[in-house]
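Colleague: So the sequence lines, in the order shown, correspond to chains S and F.
For the first sequence, numbering that gives the first Met the number 0 assigns the number 446 to the last residue and increments by one with no breaks.
For the second sequence, numbering that gives the first Met the number 0 assigns the number 446 to the last residue and increments by one with no breaks.
Glycine included, every Cβ here is placed at the ideal spot set by N, Cα and C.
Just so we're clear, the structure is a prediction, and the values are computed from it rather than from any experiment.
I am attaching a structure below and will ask some questions about it afterwards.
Number of protein chains: 2
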Amino acid sequence: MKKVLAHVDRNMSGLVSDLQTLIRQPSVSAKNEGIEQCAKLVAKMLKKSGIKSEILRLKGVAPLVYGEIKSKKNPNKTILFYNHYDVQPAEPFELWDDPPFSGKVKGNKIFGRGSADDKGELITRIKAVEAFLQETGDVPCTVKFVIEGEEEIGSANVEQYLKKYRKKFACDGVIWEFGYVDAKSRPIIGLGMKGLLYVELTAKESIRDAHSSLAVIIKNPAWRLIDALKTLRDSSGKILIKDWYREVTPFNKEDLKLLSGEPFDESGFKWEYGILQFVNNMKGLDVKKALAGDPTCNIAGMISGYTLQGAKTVLPSSATVKIDFRLVPKMDPKKQIARLKTHLKKHGFSDISVKIFHGEAASRTDPSSPFVGIVKQAAKESFGSYIVNVSNAGTGPMHSFASVLKAPCISIGSTYMFARIHSPNEFARIDLLKKTTKCMCHILDRF
Amino acid sequence: MKKVLAHVDRNMSGLVSDLQTLIRQPSVSAKNEGIEQCAKLVAKMLKKSGIKSEILRLKGVAPLVYGEIKSKKNPNKTILFYNHYDVQPAEPFELWDDPPFSGKVKGNKIFGRGSADDKGELITRIKAVEAFLQETGDVPCTVKFVIEGEEEIGSANVEQYLKKYRKKFACDGVIWEFGYVDAKSRPIIGLGMKGLLYVELTAKESIRDAHSSLAVIIKNPAWRLIDALKTLRDSSGKILIKDWYREVTPFNKEDLKLLSGEPFDESGFKWEYGILQFVNNMKGLDVKKALAGDPTCNIAGMISGYTLQGAKTVLPSSATVKIDFRLVPKMDPKKQIARLKTHLKKHGFSDISVKIFHGEAASRTDPSSPFVGIVKQAAKESFGSYIVNVSNAGTGPMHSFASVLKAPCISIGSTYMFARIHSPNEFARIDLLKKTTKCMCHILDRF
């Protein structure tokens, strides 16, 4: 094991340059930009590290890269690394200090879209396996890689892949695609994820834009949309759709204990985002409870009419809003969609069209699972300490993995909490990439 | 006079090619694109037609093109043509069938941004003067041209020009920059214009975009803006700002008589915009009263977060809306701005910033003015009939002209009612350009 860890230390420049190679291949799933090319690049990179790889396909869907290396001494224990090779759109480009796909290294940081989410995480998993193979000629347990290309647009098809390749993907535990490290360099062991319902609502009032002097007689779709939106939630953020919270259950005692124990850097957060207070003036445990357990109705995008510089006196013909609702355990996305549609109809907004981008349920892993113990120990050995988190505030297809593969899922990784993922100037920290690669080695070793 | 009108008939191809030349020079004031170049082009074109021209300048402001031709036989009667050489932005480009600055001719139509508003109108005035000069070596009255470059961004500085050049611009009547022709080819003689207050409201909640999972704790500026907007007007369109309508007076009997007499093609309007009913189900006289006399609060543009294709789970840092309020006579833009600001403050939205693009007051010319009689007669001779309109639903700096030059202002021109001005596929009709040029000849002749 010492030799393996030393290998990681010695080969950090290789890790950095492989990560740069991945960043430099744009792979924006929202625009279907570079997806095919990136899948091929990842499959090649797995092979280069000694891992058998292949590209799996479903019709009309981004390819999934599968990797596998059987353990000689311990073939029947299998860990699965779930990652994704796609990235968020890089817009707005003008807010990046360097081009978003440059992979520029400045001191301890590698910048670029995907540097942290998720190409940085992926590279730590690959390099951990490579270290074992090169130093020992074997891996301590069988390792599988499931690397999808639609995570950033909601992983709508990963469940289909999981179901089709249920046997191929069979495993005893899943290491999740991301993992956060707090400001004190403590990794956060995440046991759950929220669900997500992403919709686009569009109001149309006429077939073409008109001169705005006609606003006295032709209806304005932006006002129409605002009227509809205003019925969805109150100013405190509470969602007003009937039965929206119906299945939500409060935290149990064990969850509350874990939440109380979780550190949360309120001032760091506020500083990073330049804010003076949180929503509804929340503080302390309430903030942590909200992050782990509150459903949201967030406007992710909104557009109508003329939005460039200066003044244009136009009456727009349509107005669109993109909303992401975060869901918590027991909320069924399909039920929630039906409730949203019923709400709009009931409030007289049947004219507003609803496009569903995707829905996925929330998931949580039982804190008492032995897999949790293994990850805790590995985190302690590589990082010195750790934090256990009941549920991440974000979303991923954890529910699909947990239900199809019947395996516990845990997130742990290298992403600094304020690494600006999904935002301009996203970066990965090289020191954390190294610690995480070692942590993955420990997890494989103990599995 | 016969020779002059025959000259117009013979020279339509020259009019069309000069209009194409003007269209092909983009002049988007909102983006300060091609303004200087277009001013020079217009000054050159005036000279080419035998009209003395010069470019007037105020510091930091678009230049104003001034043209003048003194009448030998009737030097002391002066008509002033007010036009503008700037155009609206052409976005969204993808909705144009041909490039917006191509000036493409298809049958009876010339397409392009500015083809109708206002380069098409301008060319009819120039060609009317040219016809007199070439056929008679004189003009029936002194003619002045005031051609500004900021009409589409609210004519914020034309009043400054008018005040500075009050003597140079002195005149006995103003022919306005636009004029509409209805579906039955009847020109609309416009006696008034609404005022305009154009503002941009911005809500900011944090210094950078965040992952939308943080929407549980970081406030969303789009929701904040919606909360504020919802206080500005009700679903019927009524503005809820205190005292907004305080100075508004109802139409007098004469106005109501004119309004009753105005034809209005409801079904043509509905067909053009693909709508089934007007705001609040208005019909008949109410529609005409609204167009001439109702203030509005129109959302001309609105943007926040990710608005491209697909789904991006982002929590935006800011949200912006552009609003144009149309004003009616006696509403003072400065007072209305103060009322808007007080409203936002009173409702707890002091955090929302207000940027004023411009404000201008409404104006109406007395229907009993002799100038109105001259224009009616000219319209009858060139178009066969006419309609008198109490006030246009649109805005222009008529109040500045009327108050500084103390001259009556009347709009009459060549723009087909559904010519898609300010919208993609704007066009001018060649038959109407010809009739309007002749109408301008009649006006000059009778003045």
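From what residue to what residue does the alpha helix (DSSP H) around S:Arg325 run?
Modeller: Within the first sequence, numbered from 1, the residue matching residue 325 of chain S stands at position 326. Run containing S:Arg325: none in the alpha helix (DSSP H); it sits in the beta strand (DSSP E), Ser317 to Leu326.
Colleague: Return no unless some Cβ of chain F is closer than 7 Å to the Cβ of S:Arg207.
Modeller: On the first sequence, position 208 is the one that residue 207 of chain S refers to. Chain F contact via Cβ: present.
Colleague: Contact check, S:Ile50 vs S:Ile68 under 8 Å by CB: the rounded distance?
Modeller: Translated into the one-based positions of the first sequence, residue 50 of chain S becomes position 51. Translated into the one-based positions of the first sequence, residue 68 of chain S becomes position 69. The pair is a contact, with the Cβ atoms about 5 Å apart (cut-off 8 Å).
Colleague: For S:Pro369, does the count of other Cβ atoms within 10 angstroms reach 16, so buried, or fall short, so exposed?
Modeller: Your numbering for residue 369 of chain S matches position 370 in the first sequence. Looking at its Cβ environment, which holds fewer than 16 other Cβ atoms inside 10 Å, S:Pro369 is exposed.
Colleague: Roughly how many whole angstroms lie between the Cα atoms of S:Asp331 and S:Ile225?
Modeller: Walking along the first sequence from the start, residue 331 of chain S turns up at place 332. Walking along the first sequence from the start, residue 225 of chain S turns up at place 226. Answer to the nearest angstrom: the Cα atoms are 27 Å apart.
Colleague: Which chain S residues are close to F:Arg445, counting only those with a beta carbon under 7 Å from its beta carbon?
Modeller: Working through the second sequence from its first residue, we reach residue 445 of chain F at position 446. Within 7 Å Cβ-Cβ: nothing; F:Arg445 doesn't reach chain S, min ~30 Å.
Colleague: State the start and end residues of the unbroken beta strand (DSSP E) segment that holds F:Glu261.
Modeller: For the purposes of this step, residue 261 of chain F is identified with residue 262 of the second sequence, where counting begins at 1. Segment: none, F:Glu261 is in no beta strand (DSSP E) and carries neither H nor E.
Colleague: Using the beta-carbon of each residue, which ones in chain S are nearer than 8 Å to F:Pro88?
Modeller: Counted from its first residue, the second sequence places residue 88 of chain F at position 89. Result: Tyr305, Leu307, Gly309 and Lys311.
Colleague: Along the segment 163-177 of chain S, what residues have a CB closer than 7 Å to any CB found in chain F?
Modeller: Within the segment 163-177 of chain S, no residue qualifies.
Colleague: Three-state secondary structure (DSSP) at F:Thr435?
Modeller: Locating residue 435 of chain F in the second sequence gives position 436, counting from the first residue. Helix, per DSSP.
Colleague: Could you check the C-alpha separation between S:Glu359 and S:Gly393 for me, to the nearest Å?
Modeller: Taking the first residue of the first sequence as 1, we reach residue 359 of chain S at position 360. Taking the first residue of the first sequence as 1, we reach residue 393 of chain S at position 394. Whole-angstrom Cα-Cα distance: 12 Å.
Colleague: Using a Cβ-Cβ cut-off of 7 Å, state whether S:Gly393 counts as contacting chain F.
Modeller: Translated into positions along the first sequence, residue 393 of chain S becomes position 394. At least one chain F Cβ lies under 7 Å of S:Gly393.
Colleague: In the segment 103-127 of chain F, which residues sit with their C-beta less than 8 Å from some C-beta in chain S, listed in chain order?
Modeller: Result list empty, no residue passes.
Colleague: How many angstroms separate the CA atom of S:Ile238 from the CA atom of S:Leu231?
Modeller: Stepping through the first sequence from its first residue, residue 238 of chain S is reached at position 239. Stepping through the first sequence from its first residue, residue 231 of chain S is reached at position 232. Computed Cα separation, rounded: 6 Å.
Colleague: Distance cutoff 7 Å, beta carbons only. Does F:His398 sit that close to anything in chain S?
Modeller: Reading the second sequence from its first residue, position 399 is the one you call residue 398 of chain F. False, the Cβ-Cβ gap to chain S never drops below 7 Å.
Colleague: What residue from S:Lys105, S:Phe324 and S:Met0 has the CA that sits closest to S:Val198's CA?
Modeller: In the first sequence, residue 198 of chain S corresponds to position 199, counting from 1. Of the candidates S:Lys105, S:Phe324 and S:Met0, the one whose C-alpha sits nearest the C-alpha of S:Val198 is S:Phe324.
Colleague: Just checking my contact of S:Lys287 with S:Gly300 at CB under 8 Å: how many whole Å lie between their CB atoms?
Modeller: Here residue 287 of chain S is taken as the residue at index 288 of the first sequence, counted from 1. Here residue 300 of chain S is taken as the residue at index 301 of the first sequence, counted from 1. Not quite, the Cβ-Cβ distance comes to about 28 Å (not below 8 Å), so this is no contact.
Colleague: Which class does S:Arg207 belong to by DSSP, given the choice of helix, strand or coil?
Modeller: Counting from 1 along the first sequence, the entry for residue 207 of chain S is found at position 208. In the structure shown, S:Arg207 sits in coil (DSSP, three-state: anything other than H, G, I, E or B).
Colleague: Which term fits S:Leu307, buried or exposed, when burial requires 16 or more other beta carbons within 10 angstroms of its beta carbon?
Modeller: Looking up residue 307 of chain S in the first sequence gives position 308. Classification of S:Leu307: exposed, given that the 10 Å Cβ count is below 16.
Colleague: Compare the beta carbon distance of S:Ile22 and S:Lys118 with 7 Å and say whether it is the shorter of the two.
Modeller: As a first step, residue 22 of chain S must be located in the first sequence, where it is residue number 23. As a first step, residue 118 of chain S must be located in the first sequence, where it is residue number 119. The answer is yes: Cβ separation under 7 Å.
Colleague: Are at least three pairs of beta-carbons, each pair with one atom in the segment 70-87 of chain S and one in the segment 0-20 of chain S, less than 8 Å apart?
Modeller: Put simply, the segment 70-87 of chain S does not touch the segment 0-20 of chain S. Fewer than three CB pairs are less than 8 Å apart.
Colleague: Leaving aside the five residues before and after S:Cys37 along the sequence, list all residues of the same chain whose C-beta is less than 8 Å from its C-beta, in chain order.
Modeller: As a working note, residue 37 of chain S is residue 38 in the first sequence. Cβ within range, chain order: Leu21, Gln24, Pro25, Ser26, Tyr84, Asp85 and Gly148.
Colleague: The beta strand (DSSP E) spanning F:His83 covers which residue range?
Modeller: Indexing the second sequence from 1 puts residue 83 of chain F at position 84. Taken as a continuous stretch (DSSP letters only), the beta strand (DSSP E) holding F:His83 covers Thr77 to His83.
Colleague: In the DSSP assignment, find the unbroken beta strand (DSSP E) run with F:Gly189 in it and report its ends.
Modeller: Start at 1 with the first residue of the second sequence, and residue 189 of chain F comes out as number 190. F:Gly189 -> beta strand (DSSP E) spans Ile187 to Gly189.
Colleague: Taking Cβ positions, are S:Leu314 and S:Ile217 nearer each other than 7 Å?
Modeller: Within the first sequence, numbered from 1, the residue matching residue 314 of chain S stands at position 315. Within the first sequence, numbered from 1, the residue matching residue 217 of chain S stands at position 218. A contact, by the Cβ cut-off of 7 Å.
Colleague: My output table needs one value for F:Thr20: the three-state DSSP class, helix, strand or coil.
Modeller: Locating residue 20 of chain F in the second sequence gives position 21, where the first residue counts as 1. Helix at F:Thr20.
Colleague: Residues in its own chain within less than 7 Å of F:Pro99 by CB, not counting five upstream and five downstream?
Modeller: The residue given as residue 99 of chain F occupies position 100 in the second sequence. So the qualifying residues of the chain are Ala89, Phe92, Gly111 and Arg112.
Colleague: Applying a beta-carbon distance threshold of less than 8 Å, which residues of chain F neighbour S:Phe356?
Modeller: Within the first sequence, numbered from 1, the residue matching residue 356 of chain S stands at position 357. Correct list: Gly309 and Ala310.
Colleague: Would the beta-carbon of S:Tyr385 fall within 7 Å of that of S:Arg185?
Modeller: Here residue 385 of chain S refers to the residue found at position 386 of the first sequence. Here residue 185 of chain S refers to the residue found at position 186 of the first sequence. Using a Cβ distance threshold of 7 Å, S:Tyr385 and S:Arg185 count as a contacting pair.
Colleague: What in chain S is Cβ-close to F:Asp226, meaning under 7 Å?
Modeller: Here the question's residue 226 of chain F lines up with position 227 in the second sequence. Residues of chain S passing the Cβ test: Ser234.
Colleague: Report yes if the CB atom of F:Asn82 is closer than 7 Å to the CB atom of F:Glu176, and no otherwise.
Modeller: Translated into positions along the second sequence, residue 82 of chain F becomes position 83. Translated into positions along the second sequence, residue 176 of chain F becomes position 177. In contact: F:Asn82 and F:Glu176 (Cβ atoms closer than 7 Å).
Colleague: Out of S:Leu431, S:Lys405, S:Phe426 and S:Leu200, state which residue places its alpha-carbon closest to the alpha-carbon of S:Gly412.
Modeller: In the first sequence, residue 412 of chain S corresponds to position 413, counting from 1. Checked all of S:Leu431, S:Lys405, S:Phe426 and S:Leu200; the closest Cα to S:Gly412 is S:Leu431.
Colleague: Determine, for S:Thr295, whether the minimum Cβ-Cβ distance to residues of chain F falls below 7 Å.
Modeller: Working through the first sequence from its first residue, we reach residue 295 of chain S at position 296. Closer than 7 Å to some Cβ of chain F, the Cβ of S:Thr295 qualifies, so yes.
Colleague: How would you write the range of the beta strand (DSSP E) that S:Ser402 sits in, first residue to last?
Modeller: On the first sequence, position 403 is the one that residue 402 of chain S refers to. First-last for S:Ser402: Met397 to Leu404, but that is the alpha helix (DSSP H), not the beta strand (DSSP E).
Colleague: Assuming F:Val60 contacts F:Ile188 (C-beta within less than 8 Å), just tell me the rounded distance between them.
Modeller: Start at 1 with the first residue of the second sequence, and residue 60 of chain F comes out as number 61. Start at 1 with the first residue of the second sequence, and residue 188 of chain F comes out as number 189. Not a contact, Cβ separation roughly 31 Å.
Colleague: State yes or no: is the beta carbon of S:Val278 nearer than 7 Å to at least one beta carbon in chain F?
Modeller: Along the first sequence, read from residue 1 onward, the residue named residue 278 of chain S stands at position 279. Taking Cβ atoms only, chain F reaches closer than 7 Å to S:Val278, which makes this a yes.
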